[in-house]
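Presented below is the structure to which this report refers.
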């Protein structure tokens, strides 16, 4: 039996079909393996929030000090695979707060600034009703007042496939 040049033989897949299948496989592989760094906020082992985040992004934890009744802010920087506590701002000195002015404190308006450099793989926070605790992560603000006293809120970094984040509505 004679075949025309370039005509597929009976039972053989056409070159275009093979290329199409390879293209679809390539798109699926890159979609599922392309990943994004995310901050996972857990409350008692339940995921509260998943936030896309980059190295160098800031997280601010603020609370009202139990003795001095003034605001304290702790500044964290995303430093994969964990977090770096870069500095603390406080409105006063007192019991339970650093009090040695020789530790590198600076004064910025009405705030005392203490430079720090402490690394944490994960960060647990214990909820207390009187401390007015807040987490500021990019445009997200998480008030600890929503949770019962004694609850533990954990921050951890992980990577998620971009397709997973889009399906969950975390990324556009």
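In the working numbering, the protein residues as written are 2 to 173. Every residue gets a Cβ at the ideal spot worked out from N, C-alpha and C, and that includes glycine.
Boundaries of the alpha helix (DSSP H) around residue 163: 163-169.
In this structure residue 84 is not in contact with residue 20, their Cβ atoms being roughly 46 Å apart against a cut-off of 8 Å. Distance from the CA of residue 80 to the CA of residue 57, rounded to the nearest whole angstrom, comes to 6 Å. Residue 88: member of the beta strand (DSSP E) spanning 83-91, first to last residue. The alpha-carbon separation between residue 62 and residue 25 amounts to approximately 45 Å. By the C-beta criterion, the stretch 150-170 is judged to be in contact with the stretch 112-128, since at least 3 inter-stretch pairs fall below 8 Å.
In the displayed model, residue 30 falls within a helix according to three-state DSSP.
Ranked by Cα distance from residue 123, the first of 29, 40, 22 is 40. Residue environment analysis places residue 51 among the buried positions, since at least 16 neighbouring C-beta atoms fall within 10 angstroms of its C-beta.
Taking 8 Å as the cut-off, the beta carbon of residue 93 is found no closer than this to the beta carbon of residue 107.
Here residue 55 is exposed. Its C-beta has fewer than 16 other C-beta atoms within 10 Å.
Under the DSSP assignment, residue 122 falls outside any beta strand (DSSP E); it carries neither an H nor an E label. For residue 80, the enclosing beta strand (DSSP E) has its first and last residue at 72-80. Cβ-Cβ distances below 7 Å link residue 44 to 148, 152, 154 in the same chain, with the five nearest sequence neighbours on each side left out; the list follows chain order.
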